[in-house]
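Novice: Counting from 249, one number per residue, gives the positions in the sequence shown under this note's numbering. Take this structure, written in structure tokens, and hold onto it; I'll ask about it next.
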Amino acid sequence: MSEIKGEEEQMGESLDRLTENLQKMEELSKRMVAAMGARAPGDAGLEAPGQDFYMKAGIAYLNEMMTNPAKLMEHQVQYWGKTLTHFLEAQQELAKGHLAAPDDETPEDRRFANPMWRTHPYFNFIKQQYLISSAAIEQAVEGLDALEARDKQRVEFFAKQMIDLFSPTNYLATNPDALERAVETDGQSLVDGMENLVRDIEANQGLLLPTLADPDAFTVGENIGTAEGEVIFRNKMMELIQYTPTTEKVHKTPLIIFPPWINKFYIMDLKPQNSLIRWIVDQGYTLFVVSWKNPDQSYADVGLGDYIEHGYLEAIRVAKEITGEKTVNAIGYCIAGTTLSLTLALMKARGDKSVKSATFFTTLTDFSDQGEFTVFLEDDFVDAIERQVKDEGILDSYYMSKTFSFLRANDLVYGPAVRSYMMGEAPPAFDLLYWNGDSTNLPGKMAIEYLRDLCQGNALADGGFELLGETLRLQDVTIPVCAIACETDHIAAWKDSFRGVAQMGSKDKTFILSESGHIAGIVNPPSKKKYGHYTNVHVTGEPEAWLDTAEKQDGSWWPRWEAWLKKRSGTQIAARQPGKAGYESLSKAPGTYVLAKTNA
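In structure tokens form, the structure reads like this:
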């Protein structure tokens with residue numbers, strides 16, 4: 249009797265906790281409604297393609313129906329057959345009195361890692377029906393032969409977005425992990441999840457984008473971005489950091505890194521073990537790194553010309569004055585590499601020989617094929633961005649973060665959302681994801697110049713880009729260049745990067761293809777012994793042919809690149825300490841500009 253009474257008391261306590269948690273969820277729901285009400289009216293063009301996109305897709309489908317009805321009927325019958333067959337198999341198992349799923353030969357999918365997706369009849373039925381329907385949608389889209397290639401690519405992308413959205417893992421009633429967690433915690437996981445959801449909506453002024461990393465786990469300058477150095481120059485565009493040497497001798501020619509201003513520079517200095525900045529300094533170089541200003545509405549009229557004049561050329565001038573050298577070596581990462589190529593073409597036109605060699609990390613200069621970004625570079629989206637920056641003066645970081653995230657929706661949107669909002673888990677303390685969420689705005693004028701003239705118009709590689717009184721062309725980049733691209737990069741596809749380098753006018757070209765993606769392929773220290781790379785001395789022709797005859801090398805590309813750089817960096821001299829030569833320290837690294845928050 250006492251055991252029964254004890255169980256009844258436990259059940260009563262559990263029900264009390266559940267009731268209490270349901271009340272908390274009701275209160276949180278009110279907060280969520282209030283937070284969503286704070287959302288400012290937005291341009292619909294930033295949320296979805298224009299009506300002409302749907303019209304083209306609809307007409308293409310109707311055309312298939314009219315010209316090839318047998319093919320569509322075959323697809324439909326196949327879909328019906330697979331759906332009905334699986335339904336009957338599930339029914340047969342239940343008719344035998346088995347609370348089990350039929351045989352499941354579906355491929356492995358980490359979304360469906362819980363064993364119940366294979367063994368439980370309810371969850372298995374939902375999963376298999378979802379996969380059958382997904383395959384049918386993909387087959388239907390693949391058969392739209394009347395669409396032009398770019399339009400078909402967009403239809404395929406947005407169809408995939410819908411397929412990913414409707415995965416049963418994204419909904420509480422059809423997610424066994426979330427349901428088990430809710431039962432185990434008497435609903436506390438749902439309360440925690442609702443709190444996470446409300447927090448994210450409030451943090452984004454009514455918009456929703458999952459927080460990927462614990463925002464309180466890192467402080468820039470304390471446990472990430474800690475390489476020693478001094479801010480020795482500052483203007484409205486950037487702070488210039490000179491890093492403290494760690495060797496007695498350094499190469500005469502200084503090195504400047506221009507990071508992308510879409511995110512912040514400390515991706516190259518997350519922690520000592522994988523810091524590219526620390527590694528370069530340890531190899532004996534006088535290193536300068538630009539930290540860009542995170543722009544607000546007052547920067548609306550700042551364009552690419554301002555980044556070049558007050559960023560690139562000023563940083564080069566200051567580095568030359570401090571070191572007493574006539575030349576520097578330069579690195580540009582992503583969009584900063586694109587702008588470095590513009591800068592080099594401008595310097596060629598002006599007769600300025602201040603840059604001895606240039607290195608490009610994951611850089612696009614030929615935009616004839618924009619890869620996965622093609623879907624966002626049609627007029628419907630770019631027109632909406634142009635309207636938005638005209639009203640606000642900047643391209644808000646939210647839109648860039650959202651775009652990058654939905655290129656990898658399952659990894660950067662739905663997976664984190666499930667863990668945070670349905671499982672009630674706190675975001676992980678992950679430095680890379682923290683950096684990814686530390687976003688920046690883009691000046692309105694610069695954003696439109698980049699999207700219209702470089703991406704859509706491909707002006708740098710095709711005809712010339714008019715800027716600062718000159719016509720800048722890719723073939724005007726004539727100094728020695730080394731480009732590092734990444735094999736699975738979904739932002740700057742390596743083949744497109746290769747095509748741009750192949751068109752540069754330099755007679756001294758090196759191209760290195762690193763394994764992995766846009767970040768991991770670059771931040772790949774030798775100590776990890778993780779990703780390898782490909783090399784081929786002939787940087788001509790088509791990228792596929794280059795790769796076919798390339799040699800696979802084990803380990804990081806860093807030492808190979810440094811050997812290339814060393815040959816172009818002069819003799820060894822006594823190490824230079826920052827804060828001298830009339831450029832006294834303004835603050836310790838990582839400086840002040842990097843600390844500015846978008847939503848501060």
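Every residue gets a Cβ at the ideal spot worked out from N, C-alpha and C, and that includes glycine.
Whose C-beta lies closer than 7 Å to the C-beta of E443 among residues of the same chain, with five residues either side of it excluded?
Specialist: As a position in the sequence shown, residue 443 is number 195, starting the count at 1. Result list for E443: L276, in chain order.
Novice: Who are the Cβ neighbours of K743 in its own chain at under 7 Å, not counting the five residues just before and after it?
Specialist: Here residue 743 corresponds to residue number 495 of the sequence shown, with the count starting at 1. Hits under 7 Å: P791.
Novice: For T611, does the three-state DSSP call read helix, strand or coil?
Specialist: In the sequence shown, counting from the first residue as 1, residue 611 sits at position 363. In this structure, T611 counts as coil in the three-state DSSP scheme.
Novice: Please list the terminal residues of the continuous alpha helix (DSSP H) segment that includes M321.
Specialist: On the sequence shown, position 73 is the one that residue 321 refers to. Following the DSSP letters along the chain, one finds M321 inside the alpha helix (DSSP H) bounded by residues 317–343.
Novice: Taking L722 and Q751 to be in contact with their CB atoms under 8 Å, please state how far apart those CB atoms are, rounded to whole angstroms.
Specialist: For the purposes of this step, residue 722 is taken as residue 474 along the sequence shown, with counting starting at 1. For the purposes of this step, residue 751 is taken as residue 503 along the sequence shown, with counting starting at 1. The pair is a contact, with the Cβ atoms about 5 Å apart (cut-off 8 Å).
Novice: If you reduce the DSSP assignment to three classes, tell me which class F466 lands in.
Specialist: On the sequence shown, residue 466 is found 218 positions in, with the first residue counted as 1. Reduced to three states, the DSSP call for F466 is coil.
Novice: Tell me whether Y419 is buried or exposed, calling it buried when 16 or more other Cβ atoms sit within 10 Å of its Cβ.
Specialist: In the sequence shown, residue 419 corresponds to position 171, counting from 1. Result: exposed.
Novice: As a quick exercise: from Y491, L834, L643, P664, pick the residue whose alpha carbon is nearest that of G290.
Specialist: Residue numbering aside, residue 290 sits at position 42 when the sequence shown is read from its first letter. G290 has its Cα closest to that of L643, out of Y491, L834, L643, P664.
Novice: May I ask you to report which of helix, strand or coil DSSP gives A632?
Specialist: Position 384 of the sequence shown, counted from the first residue, corresponds to residue 632. In this structure, A632 counts as helix in the three-state DSSP scheme.
Novice: Is the number of C-beta pairs between the stretch 619–635 and the stretch 661–671 that are closer than 8 Å three or more?
Specialist: no
Novice: Tell me which residue opens and which closes the alpha helix (DSSP H) that G692 is part of.
Specialist: In the sequence shown, counting from the first residue as 1, residue 692 sits at position 444. Segment 692–696, the alpha helix (DSSP H) holding G692.
Novice: Between the stretch 597–610 and the stretch 559–574, are three or more C-beta pairs nearer than 8 Å?
Specialist: The stretch 597–610 is in contact with the stretch 559–574.
Novice: Identify which residue in Q339, D357, G585, E478 has its Cα closest to the Cα of S835.
Specialist: Looking up residue 835 in the sequence shown gives position 587. If we check each option's Cα against that of S835, E478 comes out closest.
Novice: If you run the structure through DSSP and keep just helix, strand and coil, what is E640?
Specialist: The residue labelled residue 640 in the question sits at position 392 within the sequence shown. When DSSP states are grouped into helix, strand and coil, E640 belongs to the helix group.
Novice: Is S616 helix, strand or coil by DSSP?
Specialist: Your numbering for residue 616 matches position 368 in the sequence shown. Reduced to three states, the DSSP call for S616 is coil.
Novice: Across the stretch 512–529 and the stretch 438–452, are there enough close Cβ pairs to call them in contact, namely three or more that are closer than 8 Å?
Specialist: Cβ pair count under 8 Å is below three, so no.
Novice: Quick check: what's the CA-CA separation for D264 versus R359?
Specialist: Within the sequence shown, the letter at position 16 stands for residue 264. Within the sequence shown, the letter at position 111 stands for residue 359. Near 33 Å, if we compare the C-alpha coordinates of R359 and D264.
Novice: Where does L843 fall in DSSP's three states?
Specialist: Stepping through the sequence shown from its first residue, residue 843 is reached at position 595. Looking at L843 - three-state DSSP - the assignment turns out to be helix.
Novice: Ends of the beta strand (DSSP E) at R358?
Specialist: Counting from 1 along the sequence shown, the entry for residue 358 is found at position 110. Judged by DSSP secondary structure, R358 falls outside any beta strand (DSSP E); it is assigned neither H nor E.
Novice: To the nearest angstrom, report how far apart L843 and C582 are at their CA atoms.
Specialist: Within the sequence shown, numbered from 1, the residue matching residue 843 stands at position 595. Within the sequence shown, numbered from 1, the residue matching residue 582 stands at position 334. Going by the C-alpha atoms only, they are around 21 Å apart.
Novice: Could you tell me the distance, in whole angstroms, from the CA atom of A848 to the CA atom of A665?
Specialist: Against the sequence shown, residue 848 aligns to sequence position 600. Against the sequence shown, residue 665 aligns to sequence position 417. Its pLDDT being 43, under 50, A848 is placed unreliably by the model, and nothing is read from it.
Novice: Per DSSP, which residues does S762 bridge with? Please list them.
Specialist: Position 514 of the sequence shown, counted from the first residue, corresponds to residue 762. Per DSSP, C734, H781.
Novice: Along the chain, where does the beta strand (DSSP E) that runs through W540 open and close?
Specialist: Start at 1 with the first residue of the sequence shown, and residue 540 comes out as number 292. Segment 535–540, the beta strand (DSSP E) holding W540.
Novice: So, do the stretch 564–576 and the stretch 709–723 have three or more beta carbon pairs nearer to each other than 8 Å?
Specialist: no
Novice: Is G585 near the ligand MG, going by C-beta to nearest heavy atom under 6 Å?
Specialist: Annotation note on the ligand MG: not contained in the displayed structure, which lists no ligands.
Novice: Thinking C-beta only, is Y533 closer than 7 Å to V499?
Specialist: Reading the sequence shown from its first residue, position 251 is the one you call residue 499. Reading the sequence shown from its first residue, position 285 is the one you call residue 533. Strictly speaking, residue 499 in this sequence is His, with Val absent from that position. Their beta carbons are under 7 Å apart, which means H499 touches Y533 by this criterion.
Novice: Whose C-beta lies closer than 6 Å to the C-beta of G551 among residues of the same chain, with five residues either side of it excluded?
Specialist: Here residue 551 is taken as the residue at index 303 of the sequence shown, counted from 1. Once the five neighbours on either side are set aside, the close Cβ partners of G551 are K693, M694, E697.
Novice: So what's T719 in DSSP terms, helix, strand or just coil?
Specialist: Start at 1 with the first residue of the sequence shown, and residue 719 comes out as number 471. Strand at T719.
Novice: Taking the alpha carbon of H368 as the point to measure from, which residue in N423, N706, D399, R402 has its own alpha carbon closest?
Specialist: If you number the sequence shown from 1, residue 368 lands on position 120. Considering only N423, N706, D399, R402, the residue with the shortest C-alpha distance to H368 is N423.
Novice: For H346, count neighbouring Cβ atoms within 10 angstroms of its own Cβ and tell me buried if that reaches 16, exposed if not.
Specialist: Along the sequence shown, one-based indexing puts residue 346 at 98. Classification of H346: exposed, given that the 10 Å Cβ count is below 16.
Novice: By DSSP's criteria, R482 is part of a beta bridge. Which residues make up the other side?
Specialist: Indexing the sequence shown from 1 puts residue 482 at position 234. According to DSSP, R482 shares a beta bridge with E487.
Novice: Taking the CB atoms as reference points, tell me whether H334 and Q376 lie closer together than 7 Å.
Specialist: The residue given as residue 334 occupies position 86 in the sequence shown. The residue given as residue 376 occupies position 128 in the sequence shown. For the 7 Å CB-CB criterion, H334 and Q376 form a contact.
Novice: Which value, in whole angstroms, describes the spacing of the CA atoms of V537 and S649?
Specialist: Indexing the sequence shown from 1 puts residue 537 at position 289. Indexing the sequence shown from 1 puts residue 649 at position 401. Those two C-alpha atoms are separated by around 24 Å.
Novice: Between the C-alpha atoms of P297 and E432, what's the straight-line distance to the nearest angstrom?
Specialist: Residue mapping note: residue 297 aligns to position 49 of the sequence shown, counting from 1. Residue mapping note: residue 432 aligns to position 184 of the sequence shown, counting from 1. Roughly 42 Å between the two C-alpha positions.
Novice: Kindly indicate which three-state DSSP category G580 falls into: helix, strand or coil?
Specialist: Taking the first residue of the sequence shown as 1, we reach residue 580 at position 332. Strand at G580.
Novice: In the DSSP assignment, the beta strand (DSSP E) including V801 goes from what residue to what residue?
Specialist: Translated into the one-based positions of the sequence shown, residue 801 becomes position 553. According to the sequence as given, residue 801 is Gln; it is not Val. Membership of Q801 in the beta strand (DSSP E) is indicated by the continuous run 799–801.
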